[in-house]
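Written below as structure tokens is the structure these notes are about.
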Amino acid sequence: MSVIPLNHNFPFDLNIRPSTSSATRSEDTRFGEIAQASAISKFGIAGRVWEASYILLSYLDCSNRDAPDQLEFDPPPFTRMACADPLTIIELGSGTGLIASRIAEHLRVDRDLLLATDLPDVCGLLEGNLQACPAIRVQPLTWGSTEAAVALAIFLGLTTPGANEAHSPRHPTHIICSDLVYFPALLAPLLRTLLHVTSPPFRSPAGESAVIVISYKIRSLPKETPFWSAFGLWFEYAPVLALRVGLEAGAWCRFPITLDGEDESYVFVARRRSESRTWTIPENDRDLLAGVGAWGTSEGKVDDSFETMLLMSLNPVYDYN
Ligand SMILES: C[S@@+](CC[C@H](N)C(=O)[O-])C[C@H]1O[C@@H](n2cnc3c(N)ncnc32)[C@H](O)[C@@H]1O
Numbered sequence: 264m265s266v267i268p269l270n271h272n273f274p275f276d277l278n279i280r281p282s283t284s285s286a287t288r289s290e291d292t293r294f295g296e297i298a299q300a301s302a303i304s305k306f307g308i309a310g311r312v313w314e315a316s317y318i319l320l321s322y323l324d325c326s327n328r329d330a331p332d333q334l335e336f337d338p339p340p341f342t343r344m345a346c347a348d349p350l351t352i353i354e355l356g357s358g359t360g361l362i363a364s365r366i367a368e369h370l371r372v373d374r375d376l377l378l379a380t381d382l383p384d385v386c387g388l389l390e391g392n393l394q395a396c397p398a399i400r401v402q403p404l405t406w407g408s409t410e411a412a413v414a415l416a417i418f419l420g421l422t423t424p425g426a427n428e429a430h431s432p433r434h435p436t437h438i439i440c441s442d443l444v445y446f447p448a449l450l451a452p453l454l455r456t457l458l459h460v461t462s463p464p465f466r467s468p469a470g471e472s473a474v475i476v477i478s479y480k481i482r483s484l485p486k487e488t489p490f491w492s493a494f495g496l497w498f499e500y501a502p503v504l505a506l507r508v509g510l511e512a513g514a515w516c517r518f519p520i521t522l523d524g525e526d527e528s529y530v531f532v533a534r535r536r537s538e539s540r541t542w543t544i545p546e547n548d549r550d551l552l553a554g555v556g557a558w559g560t561s562e563g564k565v566d567d568s569f570e571t572m573l574l575m576s577l578n579p580v581y582d583y584n
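Here's what the structure looks like:
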């Protein structure tokens, strides 16, 4: 009997409406309420702009009208750093492409590349919304799929030099994930793809893997915590911190800054643990989420830095340098 995969963009109880935020520019009709309503009817969950993407734009896009320009960030967003080397950015689960379109405004078309990726049947939405962005390419990338990771490596010229569209090997420098931690069935495939794109041949010749920037909004902790428990075994990560500067200067605190400290959104910056290069990634999704293979052993295990952070308002310690 063949198993037909569920279409996670059209769950049976789907009842969603377009999101609104002052971060969506009214003159940009690609991501407004009307465009989202039409996209939701065709692409389901992928057609909506999800809340964590507005938080991510407040961090990455200093031209964002919502961006509190009196904030300093630790670490500073890569979009604000003068970078001498080419940027190769892969966005996973791009959906409407809003984030990709805004990051692209910070890129040098002659040097940088942003790959906006999603399920194959969502790529039409991305193609339509991003056709005016010369630094962006759209590429199907189904999480968990080894074949999709191989296709991505070929596209980036990492396996067959000279045969790729970009003409020279491009090792990813940044991976962007906005609002991708939600359905339990997607947690292991997402983690597996993050492991794929931070393993050879995606690592640079110097052995460096891409920096991952993740925005996350808590919806159901019991369903989502298993992702962080397994993710933290393979990746070092920490929340972005912000400092209010100017007249009302304050102390460094977790971004986004809220008056009551109750906001349940996070922006994390992560990097693959160097020790994990020699660990065997289990083929079975259940084992992967259970921590099998991490720290080089076949026992199940969890990383509790996410729960510790929630319980004690502590930040996982991570040296960005
Ligand atoms: C909640 S939406 C977030 C969209 C967008 N990043 C945002 O923040 O607005 C989740 C996205 O992940 C994509 N997605 C879901 N399952 C996927 C899979 N197995 N492989 C690749 N992408 C997937 C969906 O198509 C959708 O675009």
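With this note's numbering applied, the sequence shown corresponds to residues 264 to 584, in that order.
In this text, a Cβ means the ideal position worked out from N, Cα and C, and glycines have one as well.
Everything numeric in this text was worked out from a predicted model, so none of it was measured.
- Taken atom to atom, the span from the alpha-carbon of proline 502 to that of serine 301 is near 34 Å.
- At a threshold of 6 Å, alanine 309 counts as near ligand 1, since its beta carbon sits closer than that to one of the ligand's heavy atoms.
- Aspartate 375 has its alpha-carbon roughly 13 Å from the corresponding atom of proline 432.
- Residues of the same chain with a CB within less than 7 Å of the CB of glutamate 570, apart from the 5 flanking positions on each side, are Thr488 in chain order.
- Tyrosine 445 sits in coil when the DSSP states are folded into three classes, being neither helix nor strand.
- In the DSSP assignment, isoleucine 279 falls outside any alpha helix (DSSP H) and carries neither an H nor an E.
- Between glycine 310 and leucine 277, the C-beta gap is not smaller than 7 Å, which leaves the two residues out of contact.
- Around the beta carbon of phenylalanine 518, 16 or more other beta carbons lie within 10 angstroms, which makes this residue buried.
- Here DSSP, grouped into helix, strand and coil, assigns glutamine 394 to coil.
- Here arginine 466 has Ser472 as same chain residues with Cβ atoms under 6 Å from its own Cβ, once five neighbours each way along the sequence are excluded.
- According to DSSP, residue pairing for phenylalanine 336 in a beta bridge involves Ala505.
- Beta-bridge partners assigned by DSSP to proline 403: Asp381.
- Residue environment for asparagine 270: exposed (fewer than 16 other C-beta atoms within 10 angstroms of its C-beta).
- According to DSSP, leucine 376 shares a beta bridge with Thr351.
- Counting C-beta atoms within 10 angstroms of its own C-beta, threonine 283 has fewer than 16 neighbours from the protein chains shown and is therefore classed as exposed.
- When Arg293, Glu368 and Gly356 are compared, the shortest CA-CA separation from leucine 323 is found for Glu368.
- Relative to ligand 1, valine 385 has its C-beta within less than 6 Å of a heavy atom.
- Relative to ligand 1, serine 561 has its C-beta separated by 6 Å or more from all heavy atoms.
- Between the alpha carbons of serine 462 and valine 530 lies a gap of roughly 23 Å.
- Valine 413 and phenylalanine 446 have their C-alpha atoms roughly 25 Å apart.
- By the beta-carbon neighbour count (other beta carbons within 10 angstroms, threshold 16), methionine 572 is buried.
- Shortest gap from the CB of asparagine 278 to any heavy atom of ligand 1: 6 Å or more.
- Sorting Ala347, Arg535, Leu382 and Leu389 by C-alpha distance to the C-alpha of aspartate 373 places Ala347 at the top.
- Excluding sequence positions up to five before and after arginine 482, its CB lies within less than 8 Å of the CB of Tyr445, all in the same chain and listed in chain order.
- For tryptophan 313, the closest C-alpha among the options Cys396, Phe275, Arg280 and Ala345 is that of Arg280.
- By the criterion of a C-beta distance shorter than 6 Å, alanine 533 is surrounded in its chain by Ile475, Phe498 and Tyr500, once the five residues flanking it on both sides are discounted.
- Leaving aside the five residues that flank aspartate 566 on each side, the residues in its chain whose CB is nearer than 7 Å to its CB run, in chain order, Ser492, Gly495 and Leu496.
- The continuous alpha helix (DSSP H) containing phenylalanine 569 extends over residues 568-575.
- Closest in alpha carbon position to arginine 455, among Thr405, Gln394, Leu361 and Arg507, is Thr405.
- If you compare the alpha carbons of Thr541, Asp548, Asp442 and Phe490 with that of serine 568, the shortest gap goes to Phe490.
- Within a 10 Å sphere around the beta-carbon of lysine 480 sit 16 or more other beta-carbons, which makes this residue buried.
- Here proline 468 has His434 as same chain residues with Cβ atoms under 8 Å from its own Cβ, once five neighbours each way along the sequence are excluded.
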